[in-house]
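Here is the structure we will look at.
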Amino acid sequence: SNLGHAQAAAGVAGVIKMVMAMRHGVLPRTLHVDEPSRQVDWSAGSVALLTEPVEWRRGSEPRRVGVSAFGISGTNAHVVLEEPPEVALALGGEPAGVVPWVLSARSEGALRARAERLAARVGELDLADVGLSLASTGAGFERRAVVIGSERAELLAGLGSVTGGQVVAGRTAVLFSGQGAQWAGMGRG
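To convert, note that position 174 of the sequence shown is 174 in the UniProt record's numbering; the numbers rise steadily by one, no gaps.
Below, the structure is given as structure tokens:
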């Protein structure tokens, strides 16, 4: 009831709405309805019209929700969504794989200075957290460098290369595969 006249996107909007409800643990109120219909026996079963947002408490089972979409052309769909299991994140230590550290600045000198400051500050911070912060919070300036590594020493050595002005040029590959067709090794030289 929150999103109307979305045509083909109505079903997706309902899915997004329910994913957000699971994520935040709140069932949204039903809009545009002040009192329940008298044509429904609301006492039979555990169905309720939500006139206010309701906390969606976690029980012993994961939260599940059904989303239905009914198209004017007769296309109907029903999807059952279930929240994912909680994953315990390991804090600290070395990452399980390669981590990129993305740096950018307005000039080469500023880029080197940024790499030097990062190397001095990184200390014992979680390597993946540093990578996420660099990739998601910084502005994308003209000069860029990406340092990759799976261990702290590799990443710090990479920052040293940036600070020292050592450039490792890569090759750019552009591939237009048409309708999504892919094959093994399609990005290799």
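Just so it is clear, CB atoms sit at the ideal spot from N, CA and C, and this is done for glycine as well.
Going by DSSP, Arg64 is part of the beta strand (DSSP E) stretching over Arg64 to Phe70.
The alpha-carbon of Glu154 is positioned some 57 Å away from that of Ala48. If you check the CB distance, Thr30 and Leu50 come in under 8 Å. In the DSSP assignment, Arg117 falls within the unbroken alpha helix (DSSP H) covering Glu108 to Arg121. For Ala10, the enclosing alpha helix (DSSP H) has its first and last residue at Ala10 to His24. Each of Trp183, Arg152 and Leu159 was checked against the Cα of Ala96, and the nearest Cα belongs to Arg152.
Out of Ser73, Leu118, Glu142 and Met22, the CA that lies nearest to the CA of Ala105 is found in Glu142. For the options Ser150, Gln7, Arg114 and Ser37, the alpha carbon positioned closest to that of Val162 is the one of Arg114. Leu127 sits in a helix when the DSSP states are folded into three classes. Residues of the same chain with a CB within less than 6 Å of the CB of Ala135, apart from the 5 flanking positions on each side, are Val102 in chain order. Contact annotation: Gly149 and Ala119 have beta-carbon atoms that are not nearer than 8 Å.
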